[in-house]
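Below is one structure, written out as structure tokens; the observations come after it.
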Amino acid sequence: ETGVTQTPRHLVMGMTNKKSLKCEQHLGHNAMYWYKQSAKKPLELMFVYNFKEQTENNSVPSRFSPECPNSSHLFLHLHTLQPEDSALYLCASSQEGKANYGYTFGSGTRLTVV
Amino acid sequence: QKEVEQDPGPLSVPEGAIVSLNCTYSNSAFQYFMWYRQYSRKGPELLMYTYSSGNKEDGRFTAQVDKSSKYISLFIRDSQPSDSATYLCAAMEYGNKLVFGAGTILRVKS
């Protein structure tokens, strides 16, 4: 496997469910990110991890809970979500100090909250 | 005011046309500028990277940055149906985070 892998690709969950999104990067990067992408809106940065330490939380509601057990894996735990949380959730990774490499994104998880 | 502004489109052009995609930004500290391409049901992929002002060319694609007017452009020559995608501009300061525009949907008709 190469690049950034996200699972599942699609997820439908009820508002009372608990589920988790998984991201794995095989690039040796030291920073990982969760983004939310909604139609016609800029990518919304949710969380940033550097060397598996959370360095940024952009006022994300507590119903989203990230976990980064090591620099290659990132999870987003979901519980009691709202319909407006339906979106594409993208994971990305980068190498700090290598700005010209940009971010490498996974294919995303399409989340639908019913 | 959003840090990076981008018209969401959609922009529809015939095959072979020259496409011009544009963004403006407000943060004068931005030094790195990128264009990402996102196909349907995929994540964004880095298409072009530019440092500071100037032009960069890669095949049919040219990225242009004008820091004096805070304007970012991407030109696509001889556009193809396979270029149909959403194009996101992004900018960052050194050591900080990428800031994205909303993305422009491009449709190239054969």
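If you read the protein sequences in the order shown, they are chains A and B.
With the first letter of the first sequence counted as 1, position 49 gets the number 634 in the numbering used here; the numbers rise by one all the way through.
With the first letter of the second sequence counted as 1, position 3 gets the number 7 in the numbering used here; the numbers rise by one all the way through.
Virtual Cβ for every residue (Gly too), placed ideally from N, Cα, C.
On a predicted model such as this, the values are computed, not experimentally measured, just so you know.
Excluding sequence positions up to five away, which residues of its chain have a Cβ less than 7 angstroms from the Cβ of Ser180 (chain B)? Since the displayed chain B opens at 5 and closes at 114, residue 180 (chain B) lies outside it and no answer follows.
Residues of the stretch 664-676 of chain A with Cβ closer than 7 angstroms to any Cβ of chain B, in chain order: Leu675
Supposed close pair Glu49 (chain B), Tyr40 (chain B) - CB separation, criterion 8 angstroms: Contact holds; Cβ gap of about 6 angstroms.
Look up Arg648 (chain A) in the DSSP assignment and give the residues it is bridged to. BP columns for Arg648 (chain A) are empty, so no partner.
Listed by chain order, chain B residues near Tyr688 (chain A) by CB distance under 7 angstroms: Leu102
Among A:Ala616, A:Phe660, A:Thr665, nearest to Lys603 (chain A) - alpha-carbon criterion: Here the closest residue by C-alpha is A:Thr665.
Measuring alpha carbon to alpha carbon, tell me which residue in B:Cys93, B:Lys71, B:Gly105, B:Thr90 is nearest Ser32 (chain B). B:Lys71
When the Cα of Leu628 (chain A) is compared with those of B:Arg111, B:Val103, B:Lys113, B:Ser86, which residue comes out closest? B:Val103
Cβ pair Tyr43 (chain B), Ala89 (chain B) closer than 8 angstroms: It is a contact, given that the beta carbons lie within the stated cut-off.
Going by C-alpha to C-alpha distance, which of B:Pro12, B:Gln10, B:Ser30, B:Gly13 sits closest to Ser73 (chain B)? B:Ser30
If you draw a straight line from the alpha carbon of Arg648 (chain A) to that of Gly58 (chain B), how long is it in whole angstroms? 44 angstroms
Going along chain B in order, which residues have a C-beta closer than 8 angstroms to the C-beta of Ser692 (chain A)? Arg45, Lys46, Gly47
Would the beta-carbon of Val112 (chain B) fall within 8 angstroms of that of Val17 (chain B)? yes
Whole-angstrom distance between Tyr618 (chain A) and Lys637 (chain A), CA atom to CA atom: Looking at the two C-alpha atoms, the distance is approximately 11 angstroms.
Are the beta-carbon atoms belonging to Val589 (chain A) and Phe690 (chain A) less than 8 angstroms from one another? yes
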